[in-house]
């Protein structure tokens with residue numbers, strides 16, 4: 258079962274699970290807001306002037322620390338939240354530009370895990386030479402007082418609930434699963450559940466900027482990280498430095514429109530996969546046409562709904578887990594061969610391949626434990642926007658429009674969008690234009706066949722931002738930077754190193 262608006266990079270979903278900050282020792286440094294020449298907002302001086310004590314993380318080349326932020330920025334004397342930070346210092350040669358904060362998306366993806374598992378190693382050498390690579394796990398995520406909701410066994414059950422209900426009984430079971438999920442979050446994480454919004458995390462980023470001694474925040478955000486970066490720029494336009502927003506979201510959309518657009522995005526990604534698949538003699542969905550491939554996939558889902566197949570584990574593969582496995586492979590075309598094998602296995606009665614893909618999507622470990630990605634994802638989403646639907650009747654009315662957007666995934670995506678209807682805290686955000694008037698040039702990157710963040714969102718965000726410039730990657734997959742396009746990488750590297758953005762409307766392949 259998919260939680261509404263899960264927007265993340267494949268690197269987050271498949272590449273960073275299990276990368277933990279270990280015990281620390283040795284070394285320290287301090288900085289303060291005064292070093293940046295910017296005054297702390299009223300009532301927040303103690304946070305903007307706290308001392309950071311950097312220590313060896315136990316991961317080669319990385320330092321770690323923690324910082325405090327007010328749990329509630331409206332009541333800064335009402336208690337703190339502790340946030341995990343990590344960095345890898347600039348390697349040289351060349352003059353250090355400053356700190357480069359990275360966020361891989363989600364919401365709920367661990368930025369610290371992404372930094373240590375990929376960014377501080379995989380980003381271009383010339384960028385790592387001149388920036389301290391920095392990450393902060395957002396409030397409620399991973400090492401920063403994570404939101405918790407269900408036990409591993411409870412989450413296993415949740416992921417297997419039928420997400421395409423056929424009758425009132427199945428609708429009640431799905432609604433009950435969302436209610437149990439929400440109740441678990443309130444029971445285990447009620448203290449922070451009202452304070453994990455994107456606006457609050459953006460304010461945390463400004464505290465960190467000051468503590469790092471930077472006058473401006475330089476930042477690369479992917480997927481949901483683009484919403485976080487755009488929010489920061491809107492709140493603190495004169496403190497926004499070189500911002501790259503890759504795989505952009507559109508903050509002006511209501512939840513139902515965002516979910517329907519994303520449904521169409523995954524349909525487009527499947528069409529690309531199917532067009533590639535049917536050219537191969539071993540395509541498990543046939544070798545005739547993409548339309549026939551879609552029909553074959555829908556039949557497989559229907560068959561699995563009626564009779565799940567074994568996986569070699571205690572969990573059988575039903576329609577919900579199978580759908581999630583297919584969705585997981587839509588984020589990156591390099592996963593297509595794995596998906597073909599998994600689909601072929603499922604047709605033979607072996608669900609292990611699709612289960613592996615689904616587990617990667619949910620960040621489930623082999624021991625049955627889950628990372629908190631899905632819990633934080635729901636908590637942030639349900640605060641940031643009012644729910645897409647207020648109950649099952651509203652979903653029923655919307656299903657046809659979702660099925661029009663995607664005959665393959667539409668019904669499931671519509672029902673998955675019901676989850677925030679049962680959330681215990683009221684949304685504090687709302688759809689809005691994001692202009693960031695007064696900010697330096699901001700680079701917005703869109704991929705034409707991106708499944709999770711449709712290209713139209715990048716065009717919209719670039720148009721909203723007063724200093725936005727659009728860089729287009731004509732291709733498949735989720736996000737573009739560091740995914741093989743020399744044109745994209747050169748444009749972004751030049752911007753990060755020299756401050757010169759690409760020409761607005763530049764297109765790359």
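In our numbering, the protein residues as written are 258 to 766. Cβ atoms here follow ideal geometry from the backbone N, Cα and C, with glycine treated the same way.
On the three-state DSSP scale, how would you describe residue i?
i	result
residue 537	coil
residue 420	coil
residue 699	strand
residue 764	strand
residue 476	strand
residue 740	coil
residue 545	coil
residue 296	coil
residue 712	helix
residue 307	coil
residue 412	helix
residue 733	strand
residue 748	helix
residue 425	helix
residue 241	Outside the displayed span of the chain (258 to 766) sits residue 241, for which this structure offers no information.
residue 616	helix
residue 755	helix
residue 727	strand
residue 518	helix
Cα-Cα, which of the options is closest to residue i?
i	options	result
residue 733	509, 528, 322 and 395	528
residue 640	343, 458 and 367	458
residue 502	431, 612, 358 and 419	358
residue 526	763, 374 and 709	709
residue 391	322, 511, 406 and 331	322
residue 332	324, 304 and 315	304
residue 316	352, 375 and 330	375
residue 401	703, 341, 441 and 407	341
residue 638	510, 622 and 663	510
residue 687	649, 743, 455 and 544	455
residue 665	580, 566 and 635	580
residue 707	721, 736 and 683	736
residue 771	448, 485, 662 and 543	The structure shown does not extend to residue 771, since the chain is modelled only from 258 through 766, so no value can be given for it.
residue 521	669, 754, 533 and 570	669
residue 356	433, 467 and 334	467
residue 319	385, 350, 329 and 325	385
residue 614	644, 648, 606 and 574	574
residue 671	644, 600 and 481	644
residue 743	765, 496 and 453	765
Using the Cα positions of residue i and residue j, report the straight-line distance between them to the nearest angstrom.
i	j	result
residue 273	residue 490	Unreliable placement is indicated for residue 273, whose pLDDT of 25 sits below 50; the coordinate value is still reported in the next sentence. Approximately 27 Å, taken between the alpha carbons.
residue 399	residue 576	29 Å
residue 338	residue 691	27 Å
residue 740	residue 429	42 Å
residue 409	residue 311	34 Å
residue 578	residue 431	14 Å
residue 850	residue 693	The structure shown does not extend to residue 850, since the chain is modelled only from 258 through 766, so no value can be given for it.
residue 505	residue 725	12 Å
residue 474	residue 498	5 Å
residue 413	residue 393	29 Å
residue 719	residue 700	8 Å
residue 517	residue 307	44 Å
residue 423	residue 387	56 Å
residue 362	residue 551	29 Å
residue 267	residue 589	Its pLDDT being 32, under 50, residue 267 is placed unreliably in this model, and the value from its coordinates should be taken loosely. Distance between the alpha carbons of residue 267 and residue 589 is about 7 Å.
residue 650	residue 537	43 Å
residue 296	residue 451	27 Å
residue 659	residue 635	21 Å
residue 683	residue 436	15 Å
residue 727	residue 515	20 Å
residue 381	residue 367	21 Å
residue 301	residue 472	17 Å
residue 572	residue 622	14 Å
residue 279	residue 314	Because residue 279 sits at a pLDDT of 26, beneath the cut-off of 50, its placement in the model cannot be relied upon, and the following sentence gives the value as read from the coordinates. Computed Cα separation, rounded: 6 Å.
residue 396	residue 553	42 Å
residue 591	residue 330	42 Å
residue 763	residue 745	9 Å
Below 8 Å on the Cβ atoms is my guess for residue i versus residue j; work out the distance and round it to an integer in Å.
i	j	result
residue 705	residue 738	15 Å between Cβ atoms; not a contact.
residue 779	residue 611	In this structure the chain extends from 258 to 766, so residue 779 is not present and cannot be described.
residue 389	residue 445	With a Cβ gap of about 35 Å, residue 389 and residue 445 do not count as contacting.
residue 629	residue 404	6 Å
residue 632	residue 406	4 Å
residue 696	residue 723	7 Å
### Task
Please list the segments of the alpha helix (DSSP H) lying wholly inside the segment 324-379, counting only runs of 4 or more residues, in order along the chain.
368-371
### Message
List, from N- to C-terminal side, the alpha helix (DSSP H) runs of 4 residues or more that fit wholly inside the segment 626-694.
### Response
630-641, 649-662 and 667-673
### Query
Counting only runs that start and end within the segment 435-516, where is the beta strand (DSSP E) found for 3 or more residues in a row?
474-479 and 497-503
### Task
Counting only runs of 4+ residues fully inside the segment 547-605, write out the alpha helix (DSSP H) ranges in chain order.
547-563, 576-586 and 593-604
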